[in-house]
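Below is one structure, written out as structure tokens, with a few remarks after it.
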């Protein structure tokens, strides 16, 4: 015997709560990953060299392992109202999210040694330090980073600068 069909008086509703939860989870995920991508770069106005041979983006991507040391002035990346004397002083170093005081060269050296040891354990033969200093920082603020890299037995050091492709030749 066939069953009797009842006329449905209700409407079919779709529960939107799980979809909204997933959308919010994705938003949070992308916000967090965007912050992690930028954690290596402090707000620094890098110098603009006029007579330099810069590395191409392709060469930079080939480099196997590096640590970026940011040398920060109190002005960060602000370009206006800079006091030339104060902007020449380094107020700290930053490696990733780790902030290091200017006088704490022992800690800076230990962090560089640890990063270098980790790279060698992972099988990287080449390892280098990339120095990103504010454009007005005097050499006395950069020298401790170079010394720390030397004490950590890191021989390869590169210095980051803003490159205008119309002015500077790019090495191929």
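Numbering (my numbering), first residue to last: -14 to 157. Glycine included, every Cβ here is placed at the ideal spot set by N, Cα and C. Computed from a prediction, not measured in an experiment: that's the story for all the values here.
- Going by DSSP, residue 83 is part of no alpha helix (DSSP H) but of the beta strand (DSSP E) stretching over 83 to 85.
- Of all C-beta pairs linking the segment 76 to 95 to the segment 120 to 132, three or more are shorter than 8 angstroms, placing the two stretches in contact.
- The Cβ atoms of residue 77 and residue 86 sit closer than 7 angstroms to each other.
- A direct Cα-Cα distance of roughly 24 angstroms separates residue 114 from residue 18.
- By DSSP's assignment, residue 117 forms a beta bridge with 55.
- Taken atom to atom, the span from the alpha-carbon of residue 116 to that of residue 137 is near 15 angstroms.
- Going by C-alpha positions, residue 5 is about 19 angstroms away from residue -3.
- Residue 55 sits buried, since 16 or more C-beta atoms from the chains shown fall within 10 Å of its C-beta.
- The three-state reading of DSSP puts residue 142 in strand, counting E and B together.
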